[in-house]
Structures are given as structure tokens and as C-alpha cells.
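All the letters of the sequence shown, read from the start, carry residue numbers 3 to 336 under the numbering used here.
Inspection log for the structure reproduced underneath, given as C-alpha cells.
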Amino acid sequence: MTGLVLPGFVLSVTPWGGFGELLFVGTIPALIGLMHGRRAAIVAPAATTVLVAILVAAGSTPIVAGVVMGFVGLGVGASSLRGWHTVAVVVTSWPSVLLVSPPTPVFDHGWLDSSTAVIVLAAAATAIGGAWTLAVTTAFLPNPPQGEFIAQPRATAVTYGTSLAVLLGGAAFVATMWAQGTMAGWILLTVLVVARPGYAETRHRAVSRSVGTLAGGIGAGIVGLFVPISLVVTLLGVACLGFAVILQLKKSNYALYSIALTGAIVLLNSSGGRLIDTDIQRVSFTLAGAVLAGVLVVLLQLLLTQVGRRVEKNTSTQRRAGIQKSTRNTSDGS
């Protein structure tokens with residue numbers, strides 16, 4: 003784990019710090035993909051790199067941002083037909099933050115200060131993070147565990163994808179229209195990581211995410227206020243991020259994972275006196291995303307309930323019709 007986070011830490015204390023954090027955006031999909039085999043570990047960071055470039059480019063136009071995130075939601079839903087949604091969520095969730103708050107140029111010099119450079123550097127950092135992770139894990143984990151993909155029924159996948167598309171598209175449009183440059187992208191991330199095809203799991207993750215974010219935000223705020231040395235704060239942030247990755251890989255308690263992740267994000271973004279502002283935004287937007295995911299849960303449950311009732315009603319009607327037909331045939335034969 004130390005080898006995985008070392009490049010990101012080195013960059014985080016340089017003028018390239020904003021792009022250094024993007025190494026982790028490529029690292030996490032590669033790690034999660036690895037839990038499902040080497041093929042998924044290659045596909046996941048590659049897809050993440052492409053999506054990072056698209057979302058950084060689309061974020062300046064609200065309509066385009068809304069449409070792109072709508073297709074992202076549909077894509078995640080479609081991937082659940084083959085059980086790939088657990089990987090697809092990781093691929094799409096971290097880049098979604100960049101839609102509203104893209105990395106900023108680090109030098110006021112030539113092409114490096116252009117929007118094209120931001121897109122290229124963001125995608126490159128993500129790709130490097132994924133490639134570095136694959137190299138390290140190949141060297142030290144030649145035989146990774148092979149997790150299975152659990153395919154979802156077609157009706158569940160359609161409902162899941164459609165609900166995500168509506169929520170993500172609407173939230174992306176609003177966030178890019180009125181909250182550019184803030185951490186409102188965490189609304190999109192939270193919707194993606196909390197929402198699941200199953201009602202019970204989504205409800206559990208929404209509550210755990212909310213509780214964990216509040217606890218992590220409070221803890222990180224206290225640490226940041228009472229530790230005046232920025233390098234120490236950054237080190238603590240990297241440690242929290244590494245711990246969060248370990249918890250995610252082990253599928254540990256989701257609330258504990260949220261505490262570690264929130265602490266990492268707040269501490270790694272605490273430079274320049276931004277700690278309190280970052281802390282408040284992170285907690286607020288995550289709670290907003292959890293509420294939206296809760297809305298998704300209710301709508302999904304209502305829709306599935308109605309579909310189930312209709313199917314049951316049609317089945318009962320067909321069964322009665324079959325019995326009546328069988329009875330008539332028996333009467334005619336006698």
C-alpha cells in the first residue's frame with residue numbers, strides 16, 4: 003500500500019499537487035477491478051481515464067454536463083446486467099467530482115495555463131495512477147482473488163439505470179450552472195456510490211455514508227485546526243486515504259470507510275486556509291447526495307413494487323383463464 007500512495011504523496015507537496023490527487027482517481031478503479039481479475043483491472047482505469055477527460059471538458063457547459071452524466075447513469079445501469087456495476091460505480095464516481103470542480107492550472111505559463119492542458123494533464127495523471135497500480139500489484143500480487151460478478155435482472159437494471167440517469171443528469175446540470183468551482187461534485191459521487199439496485203443495501207449505505215461523513219468531517223476539522231504544520235496534515239491525509247482504500251478492498255464497515263475517506267479529502271485539501279470551507283462543503287454536499295440517493299430508493303422501491311403487483315396480477319389472471327379453459331375442455335369431452 004505504501005508503494006501505491008507514494009507517488010501521490012510526493013506530488014501533493016509540489017506545485018502539481020492538484021494533479022497528484024488524480025493519481026488516486028486511477029489507482030482506486032485499478033484496485034477494485036483487480037478484485038475481479040486482471041482483465042477488469044486493465045479495463046477499469048482505462049475507462050476512468052477516458053471519462054476524466056470527457057467530464058473535465060464537459061463541466062463548463064451545464065447542458066452538456068447534464069447529458070453526459072445522464073448517459074453515465076444509463077451506462078452504470080446497463081453494466082449491472084452483467085454484474086459489472088460495482089466496478090462501473092468506482093470508474094464513474096471519482097471522475098464525477100471533476101465535472102464541477104476541475105483541477106486548476108499550476109503554472110501561469112504558455113499552454114500549461116490553457117483548458118486543453120488541464121484536460122490532458124488530468125487524463126495523464128489518472129492513466130499514470132492506474133498504470134502504476136497495475137505495475138505494483140503485478141509485482142507483489144501475481145495471483146489476485148477472483149470475485150464474481152452478480153448479474154441483475156433486466157427489469158431491475160432498467161429501473162436502476164433510468165433512476166440514476168435522471169438524478170445524475172439533473173444534479174449535474176444544477177451543480178455546473180450554479181456551483182462551479184465548489185465541491186458540489188460530491189453530490190454526484192455520493193449518489194453513485196450509495197445507490198444500488200437493491201433497496202435494503204441502498205438504504206444501509208445512505209445512512210452509513212451520512213454518519214461516516216459527519217464523523218470524519220468533524221475529526222478532520224479538529225486535526226487540521228490543532229496541527230499547524232501543513233506537511234504533517236498532508237501526511238495524515240495520505241494515511242487516511244490509504245486506510246480508506248484498504249477498507250474498501252476488504253469490504254469493511256461502510257461507515258468506517260466513509261470516516262477515513264472524508265478525513266483524507268478534507269486534510270488533503272486543507273492548504274491555503276481552506277480546511278473549514280472544504281470540511282463544510284464536503285459534509286453538506288455528501289448529505290445532499292445521500293438525500294438524493296434516498297429519493298432514488300423510494301422511487302425504485304415503489305416502481306418495483308408496482309411492477310411486481312402487475313406481474314403477479316397478470317400471472318393470476320392467466321392462471322385463472324387456463325383453469326377455466328381446462329374446465330371447459332373437460333366438460334366438452336364428457
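All residues carry an ideal CB built from backbone N, CA and C; glycine is no exception.
Only a predicted model underlies this, so the values are computations on that prediction, with no experimental measurement involved.
If you draw a straight line from the alpha carbon of Leu-233 to that of Ser-254, how long is it in whole angstroms? Indexing the sequence shown from 1 puts residue 233 at position 231. Indexing the sequence shown from 1 puts residue 254 at position 252. The straight-line gap separating the alpha-carbon atoms of Leu-233 and Ser-254 is approximately 29 Å.
Roughly how many angstroms separate the alpha carbons of Ile-65 and Thr-178, rounded to a whole number? Residue 65 sits at position 63 when you count from the first residue of the sequence shown. Residue 178 sits at position 176 when you count from the first residue of the sequence shown. Roughly 9 Å between the two C-alpha positions.
With a floor of 4 residues, list each alpha helix (DSSP H) that falls wholly inside the segment 117-193, ordered by position along the chain. Runs of the alpha helix (DSSP H) inside the segment 117-193: 117-142, 156-180.
I need the boundaries of the alpha helix (DSSP H) containing Leu-25, first residue and last residue. As a first step, residue 25 must be located in the sequence shown, where it is residue number 23. DSSP places Leu-25 in the uninterrupted alpha helix (DSSP H) bounded by 24-36.
Leu-227, buried or exposed, once every other Cβ within 10 Å from all chains shown has been counted against 16: Taking the first residue of the sequence shown as position 1, residue 227 is located at position 225. Per the 10 Å Cβ criterion, exposed.
Suppose the cutoff is 8 Å on Cβ atoms and the five residues either side in sequence are ignored; what does the same chain contact list for Gly-187 look like? As a first step, residue 187 must be located in the sequence shown, where it is residue number 185. Excluding sequence neighbours, Gly-187 sits near Ser-98, Val-99, Leu-100, Leu-101, Val-102, Ser-103, Ala-177, Phe-287.
Cβ-based burial, Gly-163 [other Cβ within 10 Å; buried from 16]: Taking the first residue of the sequence shown as position 1, residue 163 is located at position 161. By the beta-carbon neighbour count (other beta carbons within 10 angstroms, threshold 16), Gly-163 is buried.
Gly-120 to Val-247 span [Cα, whole Å]: In the sequence shown, counting from the first residue as 1, residue 120 sits at position 118. In the sequence shown, counting from the first residue as 1, residue 247 sits at position 245. Residue identity differs from the one stated: residue 120 is Val in this sequence, not Gly. Going by C-alpha positions, Val-120 is about 26 Å away from Val-247.
Which runs of the alpha helix (DSSP H) fall wholly inside the segment 188-237 and span at least 4 residues, in chain order? Entirely contained in the segment 188-237, the alpha helix (DSSP H) runs reaching 4 residues are, in chain order, 201-228.
Answer yes or no: do Gly-214 and Cys-242 have a C-beta to C-beta separation smaller than 8 Å? The residue given as residue 214 occupies position 212 in the sequence shown. The residue given as residue 242 occupies position 240 in the sequence shown. No, the Cβ-Cβ distance between Gly-214 and Cys-242 is not below 8 Å.
With Ala-257 and Ser-210 assumed to form a contact (beta carbons below 8 Å), what rounded beta-carbon distance in angstroms separates them? By one-based count along the sequence shown, residue 257 stands at place 255. By one-based count along the sequence shown, residue 210 stands at place 208. Contact check for Ala-257 and Ser-210: beta-carbon distance about 4 Å, within the 8 Å limit, so the pair qualifies.
Leu-194 vs Ala-43 beta-carbon contact at 8 Å: As a working mapping, residue 194 is identified with position 192 in the sequence shown. As a working mapping, residue 43 is identified with position 41 in the sequence shown. Remark: C-beta atoms of Leu-194 and Ala-43 do not approach each other more closely than 8 Å.
How about Leu-277 and Val-268: are their beta carbons less than 8 Å apart? For the purposes of this step, residue 277 is taken as residue 275 along the sequence shown, with counting starting at 1. For the purposes of this step, residue 268 is taken as residue 266 along the sequence shown, with counting starting at 1. Their beta carbons are under 8 Å apart, which means Leu-277 touches Val-268 by this criterion.
Touch test, the segment 130-145 against the segment 21-35, Cβ-Cβ under 8 Å, three pairs minimum: Counting C-beta pairs with one atom in each stretch, the segment 130-145 and the segment 21-35 have three or more that are closer than 8 Å, which means they touch.
Please state whether DSSP places Ser-81 in a helix, a strand or coil. For this step, residue 81 is matched to residue 79 along the sequence shown. DSSP places Ser-81 in helix when its eight states are reduced to three.
Grouping DSSP H, G and I as helix and E and B as strand, with all else coil, what is Lys-252? What you label residue 252 is simply residue 250 of the sequence shown in a count that begins at 1. DSSP places Lys-252 in coil when its eight states are reduced to three.
Delimiting residues of the alpha helix (DSSP H) encompassing Trp-96: Taking the first residue of the sequence shown as position 1, residue 96 is located at position 94. Run containing Trp-96: 87-102, per the alpha helix (DSSP H) assignment.
Confirm, please, whether the CB-CB distance from Arg-198 to Thr-204 is below 8 Å. In the sequence shown, residue 204 corresponds to position 202, counting from 1. In the sequence shown, residue 198 corresponds to position 196, counting from 1. Contact: yes.
Alpha carbon to alpha carbon, how far is Ile-56 from Arg-312? Within the sequence shown, the letter at position 54 stands for residue 56. Within the sequence shown, the letter at position 310 stands for residue 312. Using only the alpha carbons, I get a separation of about 40 Å.
Backbone secondary structure at Ser-260 - three-state DSSP: Sequence index remark: in the sequence shown, residue 260 carries index 258 (1-based). In the three-state reduction of the DSSP assignment, Ser-260 falls in the helix class, which pools H, G and I.
Going by alpha carbons, who is nearest to Val-346 out of Lys-252, Leu-166, Pro-155, Leu-263? In the structure as shown, the chain starts at 3 and stops at 336, and residue 346 therefore has no counterpart that could be examined.
Let me know the secondary structure DSSP gives Gly-265 once reduced to three states. The residue you call residue 265 lines up with position 263 of the sequence shown. Of the three classes helix, strand and coil, the one that applies to Gly-265 here is helix, per DSSP.
Through-space distance from Ala-125 to Ala-157, alpha-carbon basis: Against the sequence shown, residue 157 aligns to sequence position 155. Against the sequence shown, residue 125 aligns to sequence position 123. Looking at the backbone, the Cα of Ala-157 and that of Ala-125 are separated by about 35 Å.
Is Ala-222 near Asp-279, with beta carbons less than 8 Å apart? The residue you call residue 222 lines up with position 220 of the sequence shown. The residue you call residue 279 lines up with position 277 of the sequence shown. Taking 8 Å as the cut-off, the Cβ atoms of Ala-222 and Asp-279 do not count as close.
Assuming contact is defined by CB atoms lying nearer than 8 Å, are Val-240 and Phe-73 in contact in what I supplied? Locating residue 240 in the sequence shown gives position 238, where the first residue counts as 1. Locating residue 73 in the sequence shown gives position 71, where the first residue counts as 1. No, the pair does not count as a contact, with Cβ atoms beyond the cut-off.
Do Ala-167 and Ala-80 have their beta-carbon atoms positioned less than 8 Å apart in this structure? Along the sequence shown, one-based indexing puts residue 80 at 78. Along the sequence shown, one-based indexing puts residue 167 at 165. Contact flag unset, no.
What residue range is occupied by the uninterrupted alpha helix (DSSP H) comprising Thr-50? Here residue 50 refers to the residue found at position 48 of the sequence shown. Thr-50 -> alpha helix (DSSP H) spans 40-60.
Beta-carbon spacing of Glu-23, Leu-190 below 8 Å: Here the question's residue 23 lines up with position 21 in the sequence shown. Here the question's residue 190 lines up with position 188 in the sequence shown. Going by C-beta atoms, Glu-23 is not nearer than 8 Å to Leu-190.
Taking 8 Å as the cut-off, decide whether the C-beta atoms of Leu-143 and Thr-94 are in contact. As a position in the sequence shown, residue 143 is number 141, starting the count at 1. As a position in the sequence shown, residue 94 is number 92, starting the count at 1. Not a contact, by the Cβ cut-off of 8 Å.
What residue from Gly-200, Arg-41, Gln-182 has the CA that sits closest to Ile-161's CA? Residue numbering aside, residue 161 sits at position 159 when the sequence shown is read from its first letter. Residue identity check: residue 161 is Thr in the sequence provided, not Ile. If we check each option's Cα against that of Thr-161, Gly-200 comes out closest.
Can you list, in chain order, the residues of its chain whose CB lies under 7 Å from that of Val-27, leaving out five sequence neighbours each side? Walking along the sequence shown from the start, residue 27 turns up at place 25. Scanning its chain for C-beta atoms nearer than 7 Å, with the 5 sequence neighbours on each side dropped, one finds around Val-27 the residues Thr-50, Val-54, Trp-96, Pro-97, Thr-128, Gly-131, in chain order.
Identity of the residue in Leu-304, Gln-250, Thr-118 nearest Ala-59 by Cα: Within the sequence shown, the letter at position 57 stands for residue 59. That would be Thr-118, whose Cα lies nearest to the Cα of Ala-59.
Helix or strand or just coil, what does DSSP make of Thr-280? Numbered from 1 along the sequence shown, position 278 holds the residue referred to as residue 280. When secondary structure is reduced to three states using DSSP, Thr-280 falls in the helix class.
Is it buried or exposed, Ile-224, if we count other Cβ atoms within 10 angstroms and call 16 or more buried? Counting from 1 along the sequence shown, the entry for residue 224 is found at position 222. In this structure Ile-224 is exposed. Its beta-carbon is surrounded by fewer than 16 other beta-carbon atoms within 10 angstroms.
Less than 8 Å between the beta carbons of Leu-25 and Leu-13, yes or no? By 1-based counting over the sequence shown, the position of residue 25 is 23. By 1-based counting over the sequence shown, the position of residue 13 is 11. Yes, the pair counts as a contact, with Cβ atoms nearer than the cut-off.
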